[in-house]
Structures are given as structure tokens and as C-alpha cells.
Amino acid sequence: MLRGLLTLSFAAATTAQFAPLVDLFIGTGSDGNAFPGAAVPNAMAKVGIDMDTSPRQAGYKAGNFSVTGISLMHDEGTGGNAAGGWGVFPLFPLANCDFTSCPVTLAKRKVQRTAGDAASPGYFSSTLTTGIHIEATTTRRAGLVRFTYPAGSSSNLVVVDLSNDLQRSFRGGSLSLDPTKGRIQLQGTFLQSYGTFNYTAFGCYDFLPPSGGQSLVTSGTYNAGNPTVNTTSVSYAYADGGYAVDAGALLSLKGTNNSVTLRFGISMHSTANACANAETEVPDWDWDAVHSASEQAWENRLSAVSVDTKVEDATVLELLYSSLYRAALVPANFSEENPYSSSQEPFYDSMFCSWDTFRTEHPLISLLWPRQWAEMVRSYIDGWRAEGFIPECRVSTKAGYIQGGSNGMPVLGDFAVKYADHASDLQVNTDDLYTALVTTAEETPSDWYRYGRQNDVWKRFGYIPFDRCTGTSKANGKCTTAADCGDTGLSLCGSDGFQCLNNQCKKKTGAYCAGDLNECLPNHVCANGDPYIGSNYKPKHCSPGTNAQFCTDEYTICINDTQPNPNTEWCAAVRDQCIIEANGGTPDGSATRATTGLATREVSRSLEYAFNDFAVAQAARALDKSEDDVVKYTNRSLNFKNLWDASVNYDGFTGYMQKRFKNGTFIYTPPDACSPVDSGSHSCARGDDNDTGFYESSSFEYSFWAPHSVASLVSLMGGAATFIKRLDRYFAGGYFLAGNEPSFETPWLYHYANRPDLSAARIRQVVYQKFGTSTNGIPGNDDSGAMAALLVFHLLGLYPIPATRQLLLGSPFVSSYTLRNDVLGTTTTVSVKNFDRGTLNATPAAGTNLFVQSITVNGEVKDTVCWLSFDDLTGGGNIEIAVGSTPLSSGCGSGSNALPESVEDGGVA
């Protein structure tokens, strides 16, 4: 298997301590989708080679696949489209071919590599079977790519590809070549990899260094055919369906020592900006300077966690710093490159998605790199200013799909809890932050497919009912009213609900459309049973004409249809707007509009909505907002209990999270559905095929998910003893799905049953059985650093509870480490007394010092061994964790607050 030789690329540095420990190829095989190319921390430019295999979300894939190009932008560790995202404006080196017959098309030019790709922070290299050596080093938006050709090559050429991104989604664009100036400018429109929007990127390549040593022999372009000498432009007008075409430029260059170098810049604004970024960030074409600066940036970033590399276990060090590296690759800093706004606020991309990253990635950044994290928080807030709701998933600069809740909310809540006192210094507007949280918690967007939440339904029921309107047998069924079709018109089903038309249930889209497709009824007069909804979509809703009595009757029907939890406020708004129209006025559609979204994942969305509301309550406390808000959102945060079906018996245990109809009755989902031991064929995907009500995991797993009030789950499951047995069965029975985010905290949950010793043993098992240093060393997608951040926390003996100041404490995998906080200016050293390397395996032997005995913070003994506060870890000084061979008899300790806090018990701070 082709894999990096890390020692090859460190000629530029002599003082790096932590960067040499990073293995960029961990997780590049299997489903990890890690990106091993050249990049600086949180870079916009991520340069690496692309393969002709699928899946290839990051372009690269470990294995002997053919290379199709070396492109300028990539995602890190994501799922989404298997073909990958970005991969724009790739280069490809050719040798020994006649200019007009060179194999410039993607299918003809691709070749395999020889053994030994090499990579280190800020650098990547590979050698093709043609003997051409590829190297790259970068800045934030620019960099250098160097090709070294075999000695004696008759021609050294470079393809500059306009049209082939990773998805082959070219929608149009242009290329212009200036042979005198030595510059190629490109713009192309492509499809984002996790959503339905297009984006436009701009690139600039320079190929004549001002210092000389490299010259142009021949140039031209190609356009769905062979290259043509001396042509200088290619252009395709935008087309919705895109173009399946090979188009670009070809350069024949003469360099020094058989090498040629190209400088590049990228932008989301214009080709002029792309060229300016190249000129500003790489002014002198100085390879060693760019490489050294990139490596130093990584050394600075990684040193936020410092250890004695001569003392600690080599495998643990490789895992720790490789994971820190991947966690610092994303989100991508696109500041000054926001293509949709003149806002001067930071703009971050590759928030792909907050569902993945709010649990571990953002808490890690908040602990280690809070100054940059504040920029990310400002970017979330500015997204609310632009769109009206906190962004959830930004992919290629545009909104991607909502996976569950609006999980930018815990990120903002986390900032309020941890750094409210430093908000002014960090330029975070906490009034806007809180307003963004409340707006996203209260209002329902017209399109909750990409932003926000289905709040009208959430607030009405206290959960998201499993009353599906699409894909049911009610389509074309007989009806008298809309209620017979399972849709009351209250956006329970979004735009894909049903209406009763001519005694048949018909799908409606927008607000009031009839027929199987988009057959709208612009002049349809409301008849009995027709719901008057979506008046802002006029004329696609039924019209009351001049019949005001219909409007009054509609109110009664609306109340009856929405039993047992009638929404009187909404029904009154429907009536009032209807009367306005009946009297010849223009209704305010914002009061009655229908909303659109994907009405699936009802259980997991409900659980996440509850946690989202907890984040609002936490922010309200931290920012001294009204006590009414604190109470309101705290109470709503406990709504997850509404999905607990105490009647379900499965695998020896009673009570599971289950789907629920709007009338309050439950509908059964086998608790093993979508687990690794699923005994049937079930879907927990995002789409309409989801039949479980859960997203990317099982009822068995999600029944453990309420991070803010685990004590509630302990009680629902029958107490601590049963909770422990159930956790044991969860792992022994094969339900644990290590590669998905809902499972991240589960190995730590024994803490809440007063058994931190069991957590310690379980975490050792998880780390050594599920993670490793091979190309398959990540148990699932790295998910924009989420999995990397999880492993960092495991290794440090910590687990964060988002939107709180509380971190669960376990047994670290190193004897000592120091944390540096760049906002507080503090240095905190955590040392492990009696550290035992015998615990560094999946099943530590009896008698080894695995179990925490005491915690001392700056000389003061804590009354718990189960958790530390954020202040402990960032306050400076020394923390000593004493470990021993026997679990502490009191579990977490004898103090009144020894157990980790839960909302159910009156926490959390």
C-alpha cells in the first residue's frame, strides 16, 4: 500500500518538536477520508493529488489508484458525495509527448504512482510511474507546486485543467492565458458536494518566476480535443445541466535541473483577487521560505498541547499529534473571501457539518485555540445576520443539508459559557449571539432543509411527530378533509404534505398545489375541507373569494384538525389573514406561510432540538438574560423524555427512545435497527427512505443520548445498576458504532452511574480496538476533525460536555501534558502521579494503575475524581491526577457534587 515516508520532507526545519510526530496518512484508507496534502492550519488552499477511485471525498485514497491531477482545494474527512468536493483547477505533468498530441484529457493522462508518497505538515510529494516527481507547499490562499522530470526528457509539460473538479460537475467557466506575462486565470462554476447549490471559484497560475530560471517553450489550449498551439482562451457559458468536457491549457516549460514551478492563488471573488493572493502570500516564489513558514505555523499550533516526546509512548504521541493536526485543518478560513457579502466579519467554510463538530471539534478549539475559535463564532453569528438563522452546514460557501438539529446553537452557547467575559476583546457581539440563538430556537424558516429547525411543530408537541405525509399509502387515497390525508396544513410535513382535492389525497408543493407534480391552482376558490395556508405564496393557495364565513369556519376546522395539541395562535393567524383577503386586502403571508424541509429523523431531531434549547438556556445564564428565558429553555431541554417509550422490551431491557405520532401513541422501531448488528433492512439516512426515525445510528444508541441530563436517562432506565448493565450490553452486544457521532460520549457514561473505573477500562478498549496509526486508523469518517478531536480528548483523559464548563475526567494516556490558552495567556500542566505504561493497551491487566484516586488543582484536593471545570484546565498552574490499581470505593467521590452534573439534578453550569 502506498504510504508516506515522513522523514523525506523535513529538510526545511531543524527545530520542530511536534510536527515531525504527525502522520498525515492515518485515515486515508477505508472510510476515514482524511486529507494528506499540503496546507497550513485552517487553510482555504489544501493542495493534494486526486484519484480515479470512489469514494474519494478528500481526493486522495490510500492504495494503488491512478492520479488524475493535483488540485488546489479539498475537504477533510467528510462524508457527503463519494466523488468528493472541490478538487478545482487541477494540474497534471506530462513528459516526452508532442505538444498537439499530448494526452491532456483526464481519461488519457491518468497514471499510477510509485511507492512512497511523502507528507508532513505544510508539504506533500508523490512520484508518478512516468518518473515525474510532484511537490507542493502552501499558504492560506496560495502556494507553490513543483514538478521534477526525469533526466533527458525531451519535453516538460503541464496541463492546467479548467473543467474537471472531483465531482465532474462543471457548469461553465473560462480560462485565459497570457504567454508574455506568464499567467493563466481561471473561473469555474461547480456543484457543492453536500447540497444542491453551485459555487464559483477563481484561480490564478503564474509560470514565469521574476528571478528567471524558467521559460515558456510553447503554450496553447484544448477544448474537447487535442491542444492547439498559441490559442489563449477557453470559455463555456453557464448551463444548469453542466458540461461533460475536458477543457484547459497546456504549457511546455524549460526549467532548472529538470524542474518547473508554478505559483497559484485562489479566491471566491475574482481572478484578479486570486492573482493578488498569490502575489501577496508568495511574493518571491521562495520555496524554502513558504515551506518553513508553513511548518512553523503547524509547530505553533500543535504546541498548544506539549509533552515530553522522549518520555511518552511513541504510538500515543503519533496518535495525539496526528489527531491534533487534523482537528486544526478545519473549518477553513475564507475570511476576505465571502462572495455574498461586504461584511468585514470572518468567514469560515467547510463547516461540514455542525452536527459532526459541535460535540468535540469546537470544544477542543475552544480549549486550545480560542482566539481563532472566536473568529469561527463570529462567522456563525454573521451567517445569522445574512440568512436569519444560525448556519448549520456550510459547504463550498453555501448552505448544505440539515442533518438533525441546528447544531451551530451549541457552538454559540459554548462560547457564551466560556468566554463571555472576553467577548469584547474577541470582537464577539454577545447581544447578536443571543438574539441569533433565540431566533433560531423560536422561528421556523421557510426552508428548514438547510437552516434552522421545524420549530412550529417542536413547540406545539414537544417532539417531532412521526406523521409522514410523503411515501405513504394515503397518496391518492379517499378523503373528506385534509386531516384524512395526514396533513393539517400546519407544516408538520413541510411542503410535501397532502391536501384533499376532489375527495382524493393529492401531494402539494409550495403552499397550495394540486396534482401529482406541480399542477398549481392559481384561481382555486376554497371549498369545504381545503386548508387556507401559505398566503405569502399567492396565488398558489386557495382563495376565500369574498366568503369571510369560510375564514371563520376555517378556524374551527384548524382547531379540530390539530387536536390533541391545538395551536390556537397559529389557527387565529390563518383566520385573520383569510379575512383580510376576503375583504379585498393583501394578506401577510409571513403569519401563515407553509415551510419546507425533510420530514424524517424525527426522534434524533427531537433529541437534538432539546440539546439545542439547553444551549440557549446556558447562554441566557452566562449573559444575564431574563430568568424567564432560563426557565423556558431549560424546561424545553427536557423534552427528550417525551420520546421515551417505557413499554418497549428489547434484549433484556425496558424502555427505549421511539417514534411517536402526533396523537401521542408510539410506533415501534427495533432498537438494533441501523446498529452494526441490525437484523433487518433499515435506513437511518437523511432522506425519505429513513424508516427508523433516527439519523446514522440506532434506538439502542440514541437512548443514551442526552448529554446535558444523563441523570434523566439513568432514572428512566431504572437506576444506576441497570444503567451499567445496559451499557455493558450495548458494548458486548455489538450495538456500539464507533464511527458515528452519537456514540462519542457513550464510553464515558459510566461516570454518571458513579463508576468511573468502568469508563476508564472502556475508553482503553475503544482507543486500542477502534483507532490506530495505519491508513485505516479511523473507525469512520474523520468528519471535519470531529473524530480527530475525540481521540485527542480520549488520550488526554477528558471528554467535554458542549455548552458547559464541565469536562469528564478519566485516566490519561500520557504521564504529563501542558495546555496553553492563547486568550487567557495561561499555561496549565496536568501530571499523572503513578502513571503506568502497562495500561496502554485494550485490556490493562489487573494491578495496573488505571484508576483515578484523586485530583489536586494548584494544591487543592477536589471532592470528585469524575470531572474538571474548564477553569481548572485554563486557569494556569498545576493539576495532579493520582492513579492506582484499585477503583476508588466511593466511585466519583464523597462530595455532594462528585457526579457530573445534569439538568435533572439542577445543573449544569
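Under mature numbering (1 follows the signal peptide of the UniProt record, and there is no 0), the letters of the sequence shown match residues -16 to -1, 1 to 893, in that order. Ideal Cβ positions, reconstructed from N, Cα and C, are used throughout, including at glycine. None of the values given here were measured: they were computed from a predicted structure.
Query                                                                                                                                                                               : Result
Give the C-beta separation of TYR227 and ASN65 to the nearest angstrom, bearing in mind that I take them to be a contact with Cβ-Cβ under 8 Å.                                      : No, TYR227 and ASN65 are not in contact; Cβ-Cβ is about 18 Å, not under 8 Å.
In terms of residues, what are the limits of the alpha helix (DSSP H) holding ASP366?                                                                                               : 354 to 371
Do you know whose CA, among CYS658, LYS30, THR381, ASN241, lies nearest PHE131's CA?                                                                                                : ASN241
Could you name each continuous alpha helix (DSSP H) segment of 4 residues or more that falls completely within the region 674 to 712, going from the start of the chain to the end? : 683 to 686, 694 to 700
Would GLU885 be called buried (16 or more neighbouring beta carbons within 10 Å of its own) or exposed?                                                                             : buried
With DSSP collapsed to three states, give me the class of ILE54.                                                                                                                    : strand
Identify the continuous beta strand (DSSP E) that holds CYS188 and give its terminal residues.                                                                                      : 182 to 190
Spatial neighbours of ARG739 within its chain, please: C-beta separation below 7 Å, excluding the five flanking residues on both sides.                                             : ILE708, GLY875
Curious, which full-length alpha helix (DSSP H) runs of at least 4 residues does the region 86 to 132 contain?                                                                      : 90 to 93
Have a look at ARG789 and LEU803 and give me their C-alpha separation to the nearest angstrom.                                                                                      : 16 Å
Check whether the Cβ atoms of LEU90 and VAL72 lie closer than 8 Å to each other.                                                                                                    : no
Using the Cβ count rule (16 or more neighbours within 10 Å means buried), how would you classify SER147?                                                                            : buried
Could you tell me whether the region 589 to 603 touches the region 376 to 391, using the rule of 3 or more Cβ pairs below 8 Å?                                                      : yes
Tell me whether TRP269 sits in a helix, a strand or coil according to DSSP, three-state version.                                                                                    : coil
Checking 8 Å against the spacing of the C-beta atoms, do PHE336 and VAL379 come in under that value?                                                                                : yes
For PHE248, which residues does DSSP report across the bridge?                                                                                                                      : GLY127, TYR189
For the 8 Å Cβ check, are there 3 or more pairs between the region 200 to 216 and the region 181 to 190?                                                                            : no
Have a look at SER104, VAL867, ALA882, HIS346 and flag the residue whose alpha-carbon is nearest the alpha-carbon of LEU852.                                                        : ALA882
Can you tell me the Cα-Cα spacing of ALA404 and LEU607, whole angstroms?                                                                                                            : 7 Å
Do you know offhand how far GLY877's Cα is from VAL51's?                                                                                                                            : 57 Å
Nearest CA to the CA of VAL24: which residue from ASN140, SER110, GLY196, ARG285?                                                                                                   : ARG285
State the beta-bridge partners of VAL379 as determined by DSSP.                                                                                                                     : LYS382
Measure the alpha-carbon distance for SER306 versus PRO20 and round it to whole angstroms.                                                                                          : 11 Å
Looking only at DSSP bridge pairs, what is TRP851 linked to?                                                                                                                        : LEU792
Going by other Cβ atoms of all chains shown within 10 Å of its Cβ, with 16 needed for buried, is ASN544 buried or exposed?                                                          : exposed
In chain order, what residues of the same chain lie with their CB nearer than 6 Å to the CB of LEU78, ignoring the 5 residues before and after it?                                  : CYS86, LEU141
Using C-beta distances below 8 Å, list every residue in its chain close to THR122, excluding the 5 sequence neighbours before and after it, in chain order.                         : ALA22, ALA23, VAL24, ALA27, ALA29, LYS30, VAL31, GLY106, LEU128, VAL274, SER278
Consult DSSP for GLN411 and reduce its assignment to one of helix, strand or coil.                                                                                                  : coil
Where does TYR719 fall in DSSP's three states?                                                                                                                                      : coil
Can you tell me which of the three DSSP states GLY639 falls into?                                                                                                                   : strand
With a threshold of 8 Å between beta-carbons, can PHE624 be considered close to chain D, or not?                                                                                    : In the structure shown, chain D does not exist; there is a single protein chain.
Per DSSP, what are the beta-bridge partners of TRP628 in this structure?                                                                                                            : MET641
DSSP state of THR813, grouped into three classes?                                                                                                                                   : strand
Do VAL291 and TYR634 have their CB atoms nearer than 8 Å?                                                                                                                           : no
THR823 by DSSP, collapsed to three states: which one?                                                                                                                               : helix
In this structure, what does DSSP give as the bridge partners for ASP36?                                                                                                            : In DSSP, ASP36 forms no bridge with anything.
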